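Asks: After the C-alpha cells below, expect a handful of questions from me.
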Amino acid sequence: MGVTKVIEVIGSSPASSDDAVREAVSAASKSIRGITHVDVIEVTCEVEQGVVTRWNALVKISFPVEPR
Numbered sequence: 007m008g009v010t011k012v013i014e015v016i017g018s019s020p021a022s023s024d025d026a027v028r029e030a031v032s033a034a035s036k037s038i039r040g041i042t043h044v045d046v047i048e049v050t051c052e053v054e055q056g057v058v059t060r061w062n063a064l065v066k067i068s069f070p071v072e073p074r
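Every number in my numbering is 6 more than the matching position in the sequence shown, counting from 1.
Here you go:
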C-alpha cells in the first residue's frame with residue numbers, strides 16, 4: 007500500500023488561468039518527483055483599471071511518498 011503526499015502551491019501568469027496552473031506544476035516538478043494528480047482549488051486574478059493583469063491558481067499537487 008502506497009502513501010501519497012499532497013501540497014498546495016500557487017502559480018501565476020499574466021496570460022491566463024491555464025498558464026498559471028501550468029506554472030505551478032512546472033515549478034513544483036523541479037523539486038518533486040512523480041507528480042500524479044493536480045486539483046485546481048481556486049483561480050483568482052488581479053485587476054487594474056478594469057483589466058485583468060495577472061491570473062493566480064491555487065492547486066493541490068499529489069505525489070507518492072518514496073520509501074527510504
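Every residue, glycine too, gets a C-beta built ideally from N, C-alpha and C.
Just so you know, these numbers come straight off a predicted model, no measurement behind them.
1) What do you get for H17, buried or exposed, if any count of 16 or more other CB atoms within 10 angstroms of its CB means buried?
2) Per DSSP, what kind of secondary structure is S18 in: helix, strand or coil?
3) With DSSP run on the structure shown, which of helix, strand or coil describes E48?
4) What residues are listed by DSSP as bridge partners for I67?
5) Of the residues E72, V12, V31, which one's Cα is nearest the Cα of A63?
Replies: With the given structure in hand:
1) A quick correction: the sequence has Gly, not His, at residue 17. Buried: at least 16 other Cβ atoms inside 10 Å.
2) strand
3) strand
4) I13, V44
5) V31
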